[in-house]
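Going by this note's numbering, the sequence shown opens with residue 15, and the numbers climb by one from there.
Ideal Cβ placement from N, Cα and C applies to all residues, glycine included.
Presented below is the structure to which this report refers.
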Amino acid sequence: MRTTTVRVPAKINLSLGVGPLRGDGYHPLATVYQAVDLCDEVRATEVEDDSVTVEVHFGGDGLREQAPVPTDDNNLAVKAALALRDAFDVKAGVALSIRKVIPVMGGMAGGSADAAAALVACDALWGTGATRLQLEEIAAGLGSDVPFLLHGGTALGGGRGEEVSPVLVRGRFHWVFAIADRGLSTAAVYAGYDVRHADDPPPMPEVPPALLTALAAGDAAGVGAALSNDLQPVALALRPELQDVFAVAEQAGALGALVSGSGPTVMVLAEDADHSAELARRLLAEGVCVDAVQATGPHPGAHLI
Ligand code: C5P
Numbered sequence: 015m016r017t018t019t020v021r022v023p024a025k026i027n028l029s030l031g032v033g034p035l036r037g038d039g040y041h042p043l044a045t046v047y048q049a050v051d052l053c054d055e056v057r058a059t060e061v062e063d064d065s066v067t068v069e070v071h072f073g074g075d076g077l078r079e080q081a082p083v084p085t086d087d088n089n090l091a092v093k094a095a096l097a098l099r100d101a102f103d104v105k106a107g108v109a110l111s112i113r114k115v116i117p118v119m120g121g122m123a124g125g126s127a128d129a130a131a132a133l134v135a136c137d138a139l140w141g142t143g144a145t146r147l148q149l150e151e152i153a154a155g156l157g158s159d160v161p162f163l164l165h166g167g168t169a170l171g172g173g174r175g176e177e178v179s180p181v182l183v184r185g186r187f188h189w190v191f192a193i194a195d196r197g198l199s200t201a202a203v204y205a206g207y208d209v210r211h212a213d214d215p216p217p218m219p220e221v222p223p224a225l226l227t228a229l230a231a232g233d234a235a236g237v238g239a240a241l242s243n244d245l246q247p248v249a250l251a252l253r254p255e256l257q258d259v260f261a262v263a264e265q266a267g268a269l270g271a272l273v274s275g276s277g278p279t280v281m282v283l284a285e286d287a288d289h290s291a292e293l294a295r296r297l298l299a300e301g302v303c304v305d306a307v308q309a310t311g312p313h314p315g316a317h318l319i
């Protein structure tokens, strides 16, 4: 049986500006995404009938299952395969197998990453001949972060996050991810944002110019100082214990720390690889997270291996 395998990174938001709720239930975003080398792998294997199935295995060092991952048609990788099949009138089925390393419901777009990976894997398996633009369009229909996970690197995200354009960036950034014991629902965090802004609608969001300047210069300290996330106050209200991660990060000389996306993962920026190892050790020793995972960015988007 033929197989294809795709590796796909997690994403973080170096800035996440969130505007007022739109009529379609989404929020306008102005974000800077970065892909980091904390990667899931999705394998697509030919099957003899037209079934589309998925199995999920948890990989990685000590990373555990923070929330259940659906293994039916609610799995975003299955949705991706079905959407690609519909768009190109493919008759075949596929057996998908996901090796999960990206935290589940952690604010790092793990489900969206698997969808992007399934698109690339099934496209290659079925030989659909889809153009990059066609894959991006299908990706946008699957979720706001999915187009970025095809793209990778460091990029601006507009619209509801699905409009991606590259950002000039120099150097590598050394991150430590403080992993929480259980996930947060993205929709619940956005709903909390709306409650907070019920009497005071937020303005249309913008990317902080200081962040773009620091990225272009490869200035890690400048990036650390410019990190921002409009959803952070909501995530901290839902999980006050995350404040302890920030306190330890600061004591240990982190260049910056921020809730990743809708949380609860906290991303901590280190000066270099040695400092990253030291930060991870301190976060674990202080018992403020269940895992502390080191990863660097930027990293390529979903790609065949
Ligand atoms: O696009 P995606 O399906 O990943 O979004 C998950 C949920 O996050 C949406 O149903 C919505 O509640 C919220 N969301 C939002 N505004 C965005 C992106 C996501 O309100 N720009």
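Exposure label - residue i; buried when at least 16 CB within 10 Å
| i | result |
| --- | --- |
| Asn89 | buried |
| Val46 | buried |
| Arg21 | buried |
| Gly166 | buried |
| Leu245 | buried |
| Ala24 | buried |
Alpha-carbon spacing of residue i relative to residue j, whole angstroms
| i | j | result |
| --- | --- | --- |
| Leu170 | Pro161 | 12 Å |
| Ser179 | Asp128 | 21 Å |
| Val104 | Gly311 | 35 Å |
| Ala266 | Ala291 | 11 Å |
| Ala212 | Thr59 | 48 Å |
| Asp64 | Ala49 | 33 Å |
| Leu163 | Ala316 | 6 Å |
| Ser242 | Met15 | 47 Å |
| Pro215 | Pro42 | 12 Å |
| Val273 | Gly143 | 39 Å |
| Phe260 | Ala239 | 14 Å |
Other residues of its chain near residue i: CB distance less than 6 Å, five sequence neighbours each side excluded
| i | result |
| --- | --- |
| Ala44 | Gly31, Pro219, Glu220, Val221 |
| Leu182 | Ala230 |
| Gly73 | Arg113, Val115 |
| Val304 | Ile193, Asp195 |
| Thr67 | Ala109 |
| Gln308 | Val190, Ser290, Ala294 |
Cut-off 7 Å between Cβ atoms - residues of its own chain near residue i, not counting five sequence neighbours on either side
| i | result |
| --- | --- |
| Ala97 | Ile152, Gly155, Leu156 |
Given 8 Å, three or more beta-carbon pairs between the stretch 293-306 and the stretch 136-144: no
Contact the stretch 281-295 vs the stretch 230-238: 3+ CB pairs below 8 Å: These segments touch.
Contained alpha helix (DSSP H) runs [length at least 4] in the stretch 196-243, N- to C-terminal order: 200-210, 223-231, 234-240
At least three beta-carbon pairs within less than 8 Å, the stretch 153-167 to the stretch 244-262: With a cut-off of 8 Å, the stretch 244-262 and the stretch 153-167 do not count as touching, because too few Cβ pairs lie within range.
Cβ contact check for the stretch 92-110 and the stretch 182-196: 3 or more pairs under 8 Å: no
Any alpha helix (DSSP H) of 4 or more consecutive residues that is wholly inside the stretch 97-154: 124-140
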